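Asker: Can you keep this structure in mind? I'll have questions shortly.
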Amino acid sequence: EDFSNAWWQKQTCTQSAGAGTDPLGGNTATKIIPASSTTNIGLVRNFGTTLDNIVYNWSAYVKKGLSDWAYFTKGAASSWGSVWFNLTTGEVINTGWTNVTMTSVGNDWYRISATVTMSGSADYLYILQSDSNGATAVTKDGDKGMLVWGAQLNKGSTLEKYIKTDGSAITELDRPQE
């Protein structure tokens, strides 16, 4: 939930913590604000070489702000794949991920997720905003931006129940019994 943590790199954006009501009703949502009208605006998590050929489910909560679209992309050596999520209509456009879901969780928030296999070489996962499907560009408009909250990476292809963490990994033994 804390995107100011050093684990998260900001790509051509600034962030404003506590900028809105999160999906659980608290005030911990983060607004991602474009620094300029350009491409690939959002958050990046660099995993380096630690995810070698392992299947993961990547998820985050997002809420429309400046842009109608959010998208996931990955950087694994020279292999890229993306999936776009329309934050107005709930439409999903997939170009290379599996088990893609987009679930409304109320108050215009969506939990978006997809399964990806990482290469173990320069592994990056991105949560980005876009002006349109398939595009990577965002037109800056003052301090408008997309709200994000609760990013989670799970081993395996199953979207797991969200669990709050403070930046360190949890194990299956840490998970509450469902």
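Numbering-wise, the sequence shown is residues 1 to 178 according to the numbering used here. Ideal Cβ placement from N, Cα and C applies to all residues, glycine included. Keep in mind it's a predicted model, so treat the numbers as computed, not measured.
Are Y56 and N154 close, meaning C-beta to C-beta below 8 angstroms?
Answerer: yes
Asker: What are the complete alpha helix (DSSP H) segments, minimum 4 residues, inside the stretch 72-146?
Answerer: As summarised for the stretch 72-146, there are no continuous alpha helix (DSSP H) elements at least 4 residues long confined to that stretch.
Asker: DSSP three-state call for L43: helix, strand or coil?
Answerer: strand
Asker: Nearest to D2 by CA position, among G150, P23, T89 and K161, is which residue?
Answerer: It is G150.
Asker: Quick one: what's got a C-beta closer than 6 angstroms to E160's C-beta in the same chain, skipping five residues either side?
Answerer: N154
Asker: Going by beta carbon distance, what residues of the same chain come within less than 7 angstroms of G156, once the five residues before and after it are set aside?
Answerer: V55 and N57
Asker: Here's the rule: buried if 16 or more other CB atoms are within 10 angstroms of the residue's CB, otherwise exposed. What is I112?
Answerer: So I112 counts as buried.
Asker: Looking at the strands, I want to know which residues DSSP matches up with W58.
Answerer: A114 and L153
Asker: So, is K31 buried or exposed, given that buried needs 16 or more other C-beta atoms within 10 angstroms?
Answerer: buried
Asker: Any contact of the stretch 14-27 with the stretch 88-103, i.e. 3+ C-beta pairs under 8 angstroms?
Answerer: When Cβ pairs closer than 8 angstroms are counted between the two stretches, the stretch 14-27 is seen not to touch the stretch 88-103, the count staying below three.
Asker: As a quick exercise: from W97, W8 and G75, pick the residue whose alpha carbon is nearest that of G42.
Answerer: W8
Asker: What's the gap between the Cα of G26 and the Cα of L147?
Answerer: Spanning the two alpha carbons is a distance of roughly 13 angstroms.
Asker: According to the neighbour-count rule (16 or more other Cβ atoms, all chains shown, within 10 Å of its Cβ), is S67 buried or exposed?
Answerer: buried
Asker: Kindly indicate the opening and closing residues of the beta strand (DSSP E) around K31.
Answerer: A29 to P34
Asker: Per DSSP, what are the beta-bridge partners of S16 in this structure?
Answerer: K31
Asker: What do you get for D141, buried or exposed, if any count of 16 or more other CB atoms within 10 angstroms of its CB means buried?
Answerer: exposed
Asker: When DSSP builds the beta bridges, which residues end up paired with A70?
Answerer: F85 and Q129
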